[in-house]
Amino acid sequence: MSDKRRWTVDSYVIAIFLSALDISIVSPSLTVIASDLGFPVRGVIWVIALHLAVFVLALPLMERWGNLSGRQNWFAVSLSLFALGSLTAGVSNSWLTLIGGRVIQALGAGGVVPPLSVGLRRLIHHRRRPLGLVIHALFGGLFIIIPFLSSSITWHYGWRWIFLVNIPVAVVVYILSHRFSLSGSYRTPSYQTTGLFYFAAILLLAMIAVSQLNPEMGWRMLVDPRFLPFAVLAAGLMIPLMMVEHQAESPFFKPHLLIDPHLIGVHFAVMLAGCTWVAVVLVPGWMVAVFDQPQGTGGIFLSIVAGAAWFTLPISRRIFSRWEVQTGLALGFFFTAAAYFSLTLVQDLVSLATVLVILGVGLGFTLSSPVHELLFQTVSMRQIKSGLMMVAMFRATGGAMALVIIGLFFFEPSAADWNAWGLGLPPIWKQGFQMGMLTAGGVAVLGFILSLLLSIPLKGKQEPE
8 MSDKRRWTVD SYVIAIFLSA LDISIVSPSL TVIASDLGFP VRGVIWVIAL HLAVFVLALP
68 LMERWGNLSG RQNWFAVSLS LFALGSLTAG VSNSWLTLIG GRVIQALGAG GVVPPLSVGL
128 RRLIHHRRRP LGLVIHALFG GLFIIIPFLS SSITWHYGWR WIFLVNIPVA VVVYILSHRF
188 SLSGSYRTPS YQTTGLFYFA AILLLAMIAV SQLNPEMGWR MLVDPRFLPF AVLAAGLMIP
248 LMMVEHQAES PFFKPHLLID PHLIGVHFAV MLAGCTWVAV VLVPGWMVAV FDQPQGTGGI
308 FLSIVAGAAW FTLPISRRIF SRWEVQTGLA LGFFFTAAAY FSLTLVQDLV SLATVLVILG
368 VGLGFTLSSP VHELLFQTVS MRQIKSGLMM VAMFRATGGA MALVIIGLFF FEPSAADWNA
428 WGLGLPPIWK QGFQMGMLTA GGVAVLGFIL SLLLSIPLKG KQEPE
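This is the structure in structure tokens:
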């Protein structure tokens, strides 16, 4: 693989890892945050959904601005934003303040990814394979232990510290960054970023519109004044987005990447993978409900899922090297669907632990599926980066929208209801968790079918550049 491809894929993988890490940190504490601040669960889910959307949208923006202003300086700015956002979220007492802190945190995290990928690649290149294995093991260890640590911090010190602890972490990362150089000349991305702001507005309006839906109204909810204006605005902004991208000399959303029938299937499959991936936020709360444990202590169960997903990676690489990407992706969707459906049925510890391992295996396959190989077969070399960025955005869009939809199944219990259930969950929340997992299972079935239908021809000629 060429250096350019390797750099691009490295950034893509690190972005997925950091997104998954953030979900594993915050999701065990969602119900605790909802209880402490008096938010409905459907509102507090935005803490993850909006962070996920902003983080992926920030990647190309922060990379471009960082290249223009100098990577070392921009790395410090990004870490400062990350620390400021963590502080704001940690001391917040209102929904707007908490969400605002998470947005700032996501912007900072988006700026960290490009220089971090460059630094790690240089470090591994100089030290060769042993250091690469150490970094892989370190990432795996973090991925597995973080959910348990997050639950422990929430239980002993309160949910605010899962955000506040990021401040000393940012300081340590900045100090360690001086061990390898982030300076030097880098090619500034040629794409124009105006379309990204339109895309961000469309996604935000669509999330707001969906969050206003009331399923109890039936089909009438589609003409509800609380839903319709946001939906119309989201759809209407697609026109100026297409106009801006059409007039741009180097558009970010290259038209043929959106209208190619083969890539459309890939994008939808990635969106469905994002939906099934983020539904894992339901696991800690559901396990707490099943075993009547104190709120916020379900992180250990998410660690089981994370461990299974991480140990699946070497197996999935072997399978993807021998089978078509589509087949491996379908296998991941199959395991994921089976796990989500089973979680709503089984109750004993051994069976649940087995199902969580199966869920981790399924997510390991879908998250590690080398969709970049499909792009290598269909687009030119100069467009690989834009293609991967678009794939990341479709994955994040699917994840963010799925979280908002899952939130529709939750309703805020009264204070009396909450106080009556010091352990486990109020019954009305249990129903929400069940419906959310059944929905995720249904989405995984759609992903399984779509993966089997994907057909990617070998690249016979270069696309227009």
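Every position in the sequence shown, counted from 1, becomes a number in the working numbering once 7 is added.
Heads up, the beta-carbon is just placed ideally off N, CA and C, and yes, glycines get one too.
Predicted, not measured: the structure shown is a model, and the values here were computed from it.
What is the DSSP secondary structure of residue 47, counted as helix, strand or coil? Residue numbering aside, residue 47 sits at position 40 when the sequence shown is read from its first letter. DSSP places residue 47 in the coil class of the three-state scheme, outside both helix and strand.
Rounded to whole angstroms, what is the Cα-Cα separation between residue 278 and residue 159? Looking up residue 278 in the sequence shown gives position 271. Looking up residue 159 in the sequence shown gives position 152. The straight-line gap from Cα to Cα measures roughly 32 angstroms.
Under the assumption that residue 343 contacts residue 283 (Cβ atoms under 8 angstroms), give the Cβ distance between them as a whole number of angstroms. Start at 1 with the first residue of the sequence shown, and residue 343 comes out as number 336. Start at 1 with the first residue of the sequence shown, and residue 283 comes out as number 276. With a Cβ gap of about 5 angstroms, residue 343 and residue 283 count as contacting.
Enumerated in chain order, which unbroken segments of the alpha helix (DSSP H) with a length of 4 residues or greater are wholly contained in the segment 194-224? 201-218
Spell out a yes or no on whether the segment 361-380 and the segment 332-349 are touching, meaning 3 or more CB-CB pairs, one atom from each, closer than 8 angstroms. yes
For residue 329, report the span of its alpha helix (DSSP H) as first-last. To locate residue 329, count along the sequence shown from 1; it is residue 322. Where residue 329 is concerned, the enclosing alpha helix (DSSP H) stretches over 306-329.
For residue 461, I'd like the list of residues in its chain whose CB is within less than 6 angstroms of its CB, leaving aside the five on either flank, ordered along the chain. Start at 1 with the first residue of the sequence shown, and residue 461 comes out as number 454. Once the five neighbours on either side are set aside, the close Cβ partners of residue 461 are 272 and 333.
Supposed contact pair residue 167 and residue 97 - C-beta distance, whole angstroms, cut 8 angstroms: Stepping through the sequence shown from its first residue, residue 97 is reached at position 90. Stepping through the sequence shown from its first residue, residue 167 is reached at position 160. Yes, residue 97 and residue 167 are in contact; Cβ-Cβ is about 5 angstroms, under 8 angstroms.
When you compare only the Cα positions, how much space is there between residue 157 and residue 55? The sequence position of residue 157 within the sequence shown is 150, counting from 1. The sequence position of residue 55 within the sequence shown is 48, counting from 1. Their Cα atoms are separated by approximately 15 angstroms.
Is residue 100 buried or exposed, if buried means 16 or more other CB atoms sit within 10 Å of its CB? Locating residue 100 in the sequence shown gives position 93, counting from the first residue. Exposed: under 16 other Cβ atoms inside 10 Å.
Give the single residue among 336, 307 and 217 whose Cα lies nearest to the Cα of residue 320. Here residue 320 is taken as the residue at index 313 of the sequence shown, counted from 1. The shortest C-alpha separation from residue 320 is found at 336.
Report the start-end ranges of each alpha helix (DSSP H) in the segment 328-384 that is 4 residues or longer and not cut off at the edges. Runs found: 332-350 and 356-375.
Apply the 10 Å Cβ neighbour rule to residue 183 and answer buried if 16 or more other Cβ atoms are within range, or exposed otherwise. In the sequence shown, counting from the first residue as 1, residue 183 sits at position 176. It is exposed - the Cβ of residue 183 has fewer than 16 other Cβ atoms within 10 Å.
Whose C-beta lies closer than 7 angstroms to the C-beta of residue 53 among residues of the same chain, with five residues either side of it excluded? For this step, residue 53 is matched to residue 46 along the sequence shown. Correct list, in chain order: 106.
DSSP three-state assignment for residue 35, whether helix, strand or coil: Taking the first residue of the sequence shown as 1, we reach residue 35 at position 28. Assignment of residue 35 by DSSP, reduced to helix, strand and coil, places it in the helix class.
What did DSSP end up calling residue 154 once you bin it into helix, strand or coil? Within the sequence shown, the letter at position 147 stands for residue 154. Here residue 154 sits in helix by DSSP.
Does the beta-carbon of residue 444 have 16 or more other beta-carbons within 10 angstroms, so that it is buried, or is it exposed? For this step, residue 444 is matched to residue 437 along the sequence shown. When all chains shown are included, residue 444 counts as buried.
Going by the beta-carbon positions, is the gap between residue 552 and residue 315 smaller than 8 angstroms? Outside the shown range of the chain (8 to 472) lies residue 552, about which nothing can therefore be said.
Would you please state the rounded distance, in angstroms, between the beta carbons of residue 35 and residue 305? I believe it to be under 8 angstroms. Residue mapping note: residue 35 aligns to position 28 of the sequence shown, counting from 1. Residue mapping note: residue 305 aligns to position 298 of the sequence shown, counting from 1. About 5 angstroms; that satisfies the 8 angstroms criterion.
Starting from residue 254, follow the alpha helix (DSSP H) in both directions and report where the run begins and ends. On the sequence shown, position 247 is the one that residue 254 refers to. Note, residue 254: alpha helix (DSSP H), 245-254.
Is residue 26 closer than 8 angstroms to residue 62 when the C-beta atoms are compared? Reading the sequence shown from its first residue, position 55 is the one you call residue 62. Reading the sequence shown from its first residue, position 19 is the one you call residue 26. For residue 62 and residue 26, yes; Cβs fall inside 8 angstroms.
So is residue 294 buried or exposed if we call it buried at 16+ other beta carbons inside 10 Å? By one-based count along the sequence shown, residue 294 stands at place 287. Residue 294 is buried by the Cβ-count criterion.
Three CB pairs or more closer than 8 angstroms across the segment 249-261 and the segment 220-231: no
Close-in-space but distant-in-sequence residues of the same chain around residue 37 (CB under 6 angstroms, 5 per side omitted): The count along the sequence shown starts at 1 and reaches residue 37 at position 30. So the qualifying residues of the chain are 51.
Note down the Cα distance separating residue 416 from residue 437, rounded to an integer number of angstroms. As a working mapping, residue 416 is identified with position 409 in the sequence shown. As a working mapping, residue 437 is identified with position 430 in the sequence shown. Rounded to the nearest angstrom, the two C-alpha atoms are 10 angstroms apart.
Would you please state the rounded distance, in angstroms, between the beta carbons of residue 457 and residue 276? I believe it to be under 8 angstroms. By one-based count along the sequence shown, residue 457 stands at place 450. By one-based count along the sequence shown, residue 276 stands at place 269. Rounded, the Cβ-Cβ distance is 5 angstroms, consistent with contact.
DSSP state of residue 258, grouped into three classes? As a first step, residue 258 must be located in the sequence shown, where it is residue number 251. Three-state DSSP puts residue 258 in a strand.
Residue 245 burial status per 10 Å Cβ neighbour count (16 or more: buried): One-based indexing of the sequence shown puts residue 245 at position 238. Classification of residue 245: exposed, given that the 10 Å Cβ count is below 16.
Of all the options 169, 218 and 70, which has the alpha carbon lying nearest to the alpha carbon of residue 48? Translated into the one-based positions of the sequence shown, residue 48 becomes position 41. Taking only the C-alpha atoms, the option nearest residue 48 is 218.
Limits of the unbroken alpha helix (DSSP H) element including residue 278: For the purposes of this step, residue 278 is taken as the residue at position 271 of the sequence shown. For residue 278, the enclosing alpha helix (DSSP H) stretches over residues 268-285.
Short check: CB of residue 309 to CB of residue 290, under 8 angstroms? Here residue 309 is taken as the residue at index 302 of the sequence shown, counted from 1. Here residue 290 is taken as the residue at index 283 of the sequence shown, counted from 1. It is a contact, given that the beta carbons lie within the stated cut-off.
What would DSSP say about residue 4, mapped onto helix, strand or coil? There is simply no residue 4 to check, as the chain begins at 8 and stops at 472 in what is shown.
List the whole-angstrom C-beta distance separating residue 287 from residue 30, where the pair is believed to meet the contact cut-off of C-beta under 8 angstroms. Residue mapping note: residue 287 aligns to position 280 of the sequence shown, counting from 1. Residue mapping note: residue 30 aligns to position 23 of the sequence shown, counting from 1. Correct: roughly 7 angstroms between the Cβ atoms.
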